Amino acid sequence: MRSDYCGALNASYIDREVTLCGWVDRRRDHGGVIFIDLRDRGGIVQVVFDPDAKENFALADKVRGEYVLKVTGKVRARDAATVNPNMATGEIEVYGTALEILNEAETIPFPLSEHSSVGEDVRLKYRYLDLRRADMQKSLQFRSKVTIAIRNYLDENGFLDIETPILTRATPEGARDYLVPSRTHENKFFALPQSPQLFKQLLMVSGFDRYYQIAKCFRDEDLRADRQPEFTQIDIETSFMDEQGIMSITEGMIKKLFNDLLQVDLGEFPRMDYATAMAKYGSDKPDLRIPLELVDVKDLMGEVEFKVFSGPAQDPKGRVTALKVPGGNDKLTRKQIDDYTKFVGIYGAKGLAYIKVNDVTDVEEGLQSPIVKFLPNTVRKAILERLEAVNGDLIFFGADNATVVSEALGALRCKLGEDLNLYTCEWAPLWVVDFPMFEQGDDGSLQALHHPFTAPSCSPQELRDNPATALSRAYDMVLNGTELGGGSVRIHDQSMQQAVFDLLGIGSEEQREKFGFLLDALKYGAPPHGGLAFGLDRLIMLMTGASSIRDVIAFPKTQSAACVMTDAPGAVDAAQLRELHIRLRQKEQKEKAE
Ligand code: ASP
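In this text, residue positions in the sequence shown follow the working numbering: the first is 305, and each later residue adds one.
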């Protein structure tokens, strides 16, 4: 039907005849001449109809916003005065010689140009219209380029694209499952995959050696701003490769993506162990664009009169740390400090102590702070020395249990970085390695930090002896404070897998019930293997600078995990439920009440 996309036209087309198909972005009537901005996925071009061609003109007069048109015409240069430098096609216009209305359109529920003033619910209800906007077109076209580049890279490196089931058993990735009732097996349920983890490991046992899949994953979690209940992973698994090999090949993929699609050289990714990341940045996904670091002062505070500091300093699970903002005295007002105090409260911090350094040589009079009176001069001096403070600096303190302090001051560090625009570079990638194997709950129970198939860096016996301090062979790729992906070398030995299940408190019956097939597979010649998965949506979000994950997904769910366009999840009729052997509790109660 068409010869070219609207947005592709430029001065090199002058005098050529083109046929375009698209939607009416805008129609204007200017003293007897009708201008139509015609839009398709490539962009917008101005089409002109003048009254000399009577039939076309009459038709053009009928045209309204979002009508679908087919236009034939000649490309011509615009007058110098009407050139529009803000428009990609602004140097030219199309002089229309034929016009066909392919379809009419009712007035749409919100003008596309005013999308930001309507609620997101409206945009999502009419998502097919919202997707007509240039931003959304660009973002999904970019997404397609990314997935093609990924496929090409992985294909060139010998990876096979293999699909794994969606109707399956639970995969323990730490979230709730989405369940699907079985009609043919009464009272039984499938789970949608939280990831293809177990299947990709089994593919290694089968000898496929290098697998990838751009896979949909489902996790029924309470949603945060950058989460979706169904999301896409670039899922990868390899055999006979250690963590160095896996990190190197996947780092190569991300570097190539940035190079080819954004012309950005990410350089070599530094590696940081988990303990250092937590100590210096209070986070296992540190944003290295921000030069601020946490400096622990626990050892200085054990004896001070101030209970807020001495309590956590004496507690083995406590942490007392300081965060210096160079020049912060002038940069931060009292009100901002109050706001930051509220901000750290979100992470459970009970307050935010600070010291303003007016004169570093005078610890008696040169420090301004509500808490300094509680600190002896020797401690004041030691703090200033350890933080290498100079006049004008402001020092924040966090004192509580280690988790609260790390989360609160880690988040404050990022907030200060953003508010004071402290970024030293645009992109800061890194690998975080040497994670602990387990997290310990307050009751002493252990949970896998990654997932239970991750190999520890020690023997089964050492693991059983010291589970709380054992490290794993897991690695996360982090970019600008966001976890892009994570994975691990896996356990390929049945006795090790059993040791991990035992430590996690998964008894042998439950092991057989839930993972019998994996334990069996490990008996029949499982190769050493490992892999990782990247969050595709987050990757695209970072690459496009989108502020919401929903802006890089064609049909996302709302914050409450619903689709307002299709009205899903929806009710189902009684017959369907009966077939599925399901009776609804609430309905039952209502019926009883009636
Ligand atoms: N299955 C893991 C996840 O979804 C990634 C991996 O270990 O490969 O986070």
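Every residue gets a Cβ at the ideal spot worked out from N, C-alpha and C, and that includes glycine.
Note that the structure is predicted; figures quoted are calculated from it, not measured.
Setting aside the 5 residues that flank it on each side, A830 is surrounded in the same chain by V509 and H796, each with a C-beta closer than 6 Å to its C-beta; the list follows chain order.
In this chain, the beta strand (DSSP E) harbouring L627 covers G622 to V629. Sequence-distant partners of A772 (beyond 5 residues in either direction) whose C-beta falls short of 7 Å from its own C-beta, in its chain, are F742 and Q744.
Y515: not part of any alpha helix (DSSP H); member of the beta strand (DSSP E) spanning R514 to F522, first to last residue.
In the three-state reduction of the DSSP assignment, P616 falls in the helix class, which pools H, G and I.
Taking 8 Å as the cut-off, the Cβ atoms of V351 and E397 count as close. For the 8 Å CB-CB criterion, F562 and Y516 do not form a contact.
Excluding the 5 residues flanking it on each side, L363 has same chain C-beta neighbours closer than 7 Å at L403 and I405, in chain order. Around the beta carbon of I558, a 10 Å sphere encloses 16 or more other beta carbons of the protein chains shown; the residue is thus reported as buried.
For the set V568, A706 and G670, the Cα lying nearest the Cα of C729 is the one of V568. Its chain contains K660 and N662 as the residues whose beta carbon lies nearer than 6 Å to that of Q672, once the 5 sequence neighbours on both sides are disregarded; these appear in chain order. In the DSSP annotation of this structure, the continuous segment of the alpha helix (DSSP H) that includes Y432 starts and ends at R431 to D434. Distance between D365 and D841, taken at the CA atoms: about 43 Å. Look at the beta carbons and you see the region 776-790 not touching the region 822-829: under three pairs across the two are nearer than 8 Å. The shortest C-alpha to C-alpha distance from T758 to any of R777, R447, P764 and D746 is the one to R777. The beta carbon of N491 lies closer than 8 Å to those of H885 in the same chain, with the five residues before and after it left out. With a cutoff of 8 Å on beta-carbon distance, G714 and Y585 are scored as near each other. With fewer than 16 other Cβ atoms from the protein chains shown falling within 10 Å of its own Cβ, F821 counts as exposed. When DSSP reads this structure, A752 sits in a beta bridge with F742.
Take L823, set aside five residues on each side of it, and the residues of its chain with a beta-carbon closer than 8 Å to its own are Q798, Q801, Q802, Q815 and R816, in chain order. A distance of 8 Å or more separates the beta carbons of S499 and F493. Straight-line spacing of the CA atoms in L416 and R854 works out to 17 Å.
Taking the Cβ of L506 as the reference point, every heavy atom of ligand 1 lies at 7 Å or farther away.
Residue side-chain check: Q880 keeps its Cβ at 7 Å or more from all non-hydrogen atoms of ligand 1. Excluding the 5 residues flanking it on each side, A850 has same chain C-beta neighbours closer than 8 Å at S443, I844 and V856, in chain order. For T542, the uninterrupted beta strand (DSSP E) segment begins and ends at E534 to S543.
Membership of T451 in the alpha helix (DSSP H) is indicated by the continuous run A438 to E460. H833 is positioned such that its CB atom lies no closer than 8 Å to that of Q501. Contact check for D704 against P616 passes: the beta carbons are separated by less than 8 Å.
In this structure the region 379-390 does not lie against the region 323-335, because fewer than three pairs of beta carbons, one per stretch, are closer than 8 Å. Our two residues, P756 and E541, have alpha carbons roughly 16 Å apart in a direct line.
Check the Cα spacing between G347 and each of R437, I810 and E722: the tightest is with R437. Straight-line measurement puts the Cα of A519 at about 18 Å from the Cα of G478. At a threshold of 7 Å, L324 does not count as near ligand 1, since its beta carbon sits no closer than that to any of the ligand's heavy atoms. Unbroken beta strand (DSSP E) stretches of 3 residues or longer found wholly inside the region 777-848: 778-783, 786-793 and 833-839, given in chain order.
Only exposed fits E689, as fewer than 16 other CB atoms lie within 10 angstroms of its CB.
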